Each structure stands twice: as structure tokens, then as C-alpha cells.
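Working notes for the structure below.
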Amino acid sequence: MGSTTLGLHRWPILAYQRVTLPQRSTQLLPKFYSLSSERCRRGGFGFGACSSKLEKSIRGCATNAFVVADDETYGNKQIISITPRLYDYILANVREPEVLRQLREETASMRGSQMQVSPDQAQLLAMLVQIHGAEKCIEVGVYTGYSSLAIALVLPESGRLVACERDSRSLEVAKKYYDRANVSHKVDVKYGLAADTLRSLILNGEACSYDFAFVDADKRMYPEYFELLLQLVRIGGLIVFDNVLWHGKVADPEVNDAKTVSIRNFNADIMEDERVSISMVPIGDGMTICRKR
Ligand SMILES: C[S@@+](CC[C@H](N)C(=O)[O-])C[C@H]1O[C@@H](n2cnc3c(N)ncnc32)[C@H](O)[C@@H]1O
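Heads up: the sequence shown at position 101 corresponds to 387 in the working numbering, and the numbers run straight through without jumps.
See the structure below:
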């Protein structure tokens with residue numbers, strides 16, 4: 287892989303907007319230490335005051351994973367965060383199809399490129415679709431198509447992905463890559479507001495017929511997308527929400543801007559919602575996988 291720029295805004299703890307790979311700038315590392323130490327002093331990780339063991343972990347994080355918990359609260363299980371070096375290692379273990387790499391690199395120079403999911407997230411989405419044997423899928427928030435293409439590539443020939451996006455310019459890029467990857471016949475692009483598209487699918491009699499949905503648009507609409515998608519997916523179907531950790535802000539009681547509060551409330555509501563089983567996964571900026579009961 288050539289030198290590639292990835293948007294890492296989705297990391298829950300690191301605050302860098304962009305990092306150059308694979309020749310990562312070592313100048314970024316001290317910023318990571320100080321950010322971590324600062325948040326640690328403020329108890330921003332939710333584990334109370336910093337232990338000396340934790341401070342040692344912070345100092346050692348150039349090479350070691352950053353241990354965020356290893357006490358009896360969690361049965362002494364060592365929970366780690368991700369350092370830049372460890373993330374490089376994770377990315378080096380992602381099997382990114384060539385066409386997705388091309389799309390990611392073309393998108394990197396475009397406005398909003400930090401919005402696309404990371405390669406490890408896309409790989410997880412594709413894996414979920416495959417494990418689930420999904421045929422009918424929905425994506426809310428296509429942008430230039432990175433996550434939708436990852437899904438379409440693993441759908442069977444009979445599969446269909448309804449791809450909802452309101453920005454025609456980014457859709458042009460997405461369509462170019464669906465063509466390039468020979469998956470255009472599997473993608474039903476719906477240009478317009480996603481909630482309108484989802485409502486029209488329900489009116490079309492498609493309730494309870496979808497296997498998989500991925501939501502990555504307009505965070506304040508998550509509760510509405512959730513209700514509409516719960517109608518559209520079958521029992522056992524999956525709905526995956528991106529950005530549920532919102533740069534780590536959801537866990538910081540001092541951050542109360544509208545988007546953070548709406549995602550925090552959404553997470554709390556999902557936690558209590560008996561209609562779904564859930565798993566919050568700390569990948570990218572955090573994804574919650576919901577399975578309809
Ligand atoms: C985070 S980006 C999606 C990134 C994409 N999943 C990827 O991996 O490349 C969010 C996209 O949702 C679109 N969007 C935002 N609100 C929308 C709405 N109400 N209806 C449809 N699309 C919307 C934006 O135009 C933007 O392209």
C-alpha cells in the first residue's frame with residue numbers, strides 16, 4: 287500500500303483528524319500522551335482516579351497497548367485501548383479489496399472524507415452480512431460509497447442493497463465505483479432524505495423483509511431511523527449504528543452539545559429497549575449492533 291491518509295476521527299480516544307500511513311508522523315505521539323494524561327487526570331475514562339499502574343501504561347504506550355482497566359471491577363481482565371502503532375497493526379491485518387482501496391484514496395482528497403468508515407469497520411460490516419447470509423440490506427448515509435461497496439461486494443448475485451443518500455455529488459462517486467466493481471445491479475440507489483425512503487419501503491409492503499441495515503447519517507435522527515428500520519428488518523435481522531462513541535464525548539459528562547447529548551440519549555434508550563439484543567463495539571468511532579428479537 288502506498289502512503290495513504292486515513293481519517294481517524296472515529297477513534298474513541300485519539301483526537302487526531304488525520305494520520306498519514308504508513309509513514310506515520312512521530313510528532314503525533316506526544317499529543318496522544320498529553321491528551322491521555324489530561325483526560326486521565328479528569329477521570330475522563332470513567333474508571334475514577336488514575337492509578338500509578340495506569341500512569342505507567344500511558345508512559346509506555348509508544349509500544350504497548352494503553353491499559354484502561356485491569357482491576358477486580360472487571361475480574362482483572364486487562365482492557366486495552368489502541369495506540370497509533372497498534373492501529374497500524376490492525377490496518378495491516380485488514381483485507382481491503384483493491385476497488386475499496388481505490389475508492390478510499392479518491393475520497394481522501396474530497397470534502398468530508400473523514401466521514402467514511404475505516405477499513406476495519408468496513409470489513410466488520412461485510413463479515414456481519416456474510417455471517418448473517420443477508421440478501422436484503424439497507425444503508426442510511428452512503429457518501430462516496432465505501433461502506434455500501436464493502437457490503438455490495440459480499441452480497442450474493444440475488445442480493446440487494448437499498449442505498450439512501452441526499453447528496454447527489456457524492457453519489458456520483460459511489461455509482462462510479464459500483465460500476466467499477468460490477469455490483470451496480472445489486473445496489474438500489476435512493477437519492478433523497480433517508481427517512482422518506484424508509485417510509486416508502488414500508489408503504490410498499492416491505493416491512494419485516496430486510497436482513498441487515500447500516501445507519502451512518504444524521505446522528506440526531508438515529509431514534510427515528512431505529513423505529514423505521516425495526517419495522518423493515520425481520521426478526522433476527524441486524525441494525526448497525528455508527529459513531530455511537532462520538533469521539534469519546536458520550537462518556538464525558540462535561541460535554542453536552544446537541545449531537546453528543548442525542549447520541550448519549552440514543553445509547554441509553556437502546557440499552558433499555560427489549561425489542562433488540564445489543565452489542566456496542568469499540569471499533570472506529572464505535573458501532574452498536576442491534577439484533578431484532
Ligand atoms: C458519515 S457519511 C456516510 C459515510 C459512508 N457510510 C461511508 O462509509 O463512506 C453520512 C452521509 O449521510 C448523508 N446524509 C445526511 N443526512 C441525510 C439524510 N437525512 N438522508 C440521506 N442522507 C443523509 C450525508 O450527505 C453524508 O454523505
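Beta carbons: idealized from backbone N, C-alpha and C, even for Gly. All figures in this text were calculated on a predicted structure; none of them were measured in a lab.
Cα-Cα separation between residue i and residue j, rounded to whole angstroms
| i | j | result |
| --- | --- | --- |
| ILE556 | ILE564 | 8 Å |
| GLU458 | THR430 | 8 Å |
| ARG371 | TRP532 | 22 Å |
| ARG520 | ASP497 | 6 Å |
| LEU515 | SER367 | 32 Å |
| MET396 | ALA438 | 22 Å |
| LEU447 | PRO568 | 25 Å |
| SER323 | GLY478 | Only weak support is given to the placement of SER323: the predicted model assigns it a pLDDT of 37, under 50, and the value that follows is read from those uncertain coordinates. Each residue's alpha carbon lies about 44 Å from the other. |
| GLY330 | GLY534 | The pLDDT assigned to GLY330 is 37, lower than 50, so where the model puts this residue is not dependable; a value taken from the coordinates is nonetheless given after this. Rounded to whole angstroms, GLY330 to GLY534 spans 9 Å at the Cα level. |
| PHE352 | LYS363 | 14 Å |
| GLU560 | ARG577 | 11 Å |
| VAL562 | LEU489 | 23 Å |
| ARG466 | VAL385 | 8 Å |
| PHE527 | ARG550 | 13 Å |
| THR369 | SER486 | 44 Å |
| THR546 | ALA554 | 12 Å |
| MET566 | LEU410 | 13 Å |
| VAL469 | ASN350 | 41 Å |
| ALA480 | ASP357 | 44 Å |
| ASP406 | GLU540 | 30 Å |
| TYR432 | VAL530 | 19 Å |
Limits of the beta strand (DSSP E) - the one that residue i falls within
| i | result |
| --- | --- |
| LEU447 | 446-451 |
| ILE368 | Counting along the chain, ILE368 falls outside any beta strand (DSSP E), and DSSP gives it neither H nor E. |
| VAL473 | 473-477 |
| ALA355 | 352-355 |
Limits of the unbroken alpha helix (DSSP H) element including residue i
| i | result |
| --- | --- |
| VAL403 | Careful: VAL403 lies outside any alpha helix (DSSP H) and carries neither H nor E. |
| ALA460 | 454-466 |
| VAL385 | 384-393 |
Closer than 7 Å to chain B by CB, residue i
| i | result |
| --- | --- |
| LYS505 | Among the chains of the structure shown, chain B does not appear; only one protein chain is present. |
8 Å contact criterion, which residue i and residue j should meet: CB distance rounded
| i | j | result |
| --- | --- | --- |
| ALA460 | VAL428 | 5 Å |
| ALA544 | GLN517 | So it is not a contact: roughly 27 Å between Cβ atoms. |
| LYS472 | LEU441 | 5 Å |
| SER404 | GLY572 | Wrong, their Cβ atoms sit about 12 Å apart, outside the cutoff. |
Proximity test, residue i beta-carbon vs ligand 3 heavy atom, cut-off 6 Å
| i | result |
| --- | --- |
| ASP502 | The ligand content of the structure shown is limited to ligand 1, which means ligand 3 is not among them. |
**OP:** Please specify which runs of the beta strand (DSSP E), each continuous and at least 3 residues long, are wholly inside the region 487-574, giving them in chain order.
**Re:** 496-501, 519-528, 562-567
**OP:** Report the residue ranges of all alpha helix (DSSP H) runs contained in full by the region 406-440; include only those spanning at least 4 residues, in chain order.
**Re:** 432-440
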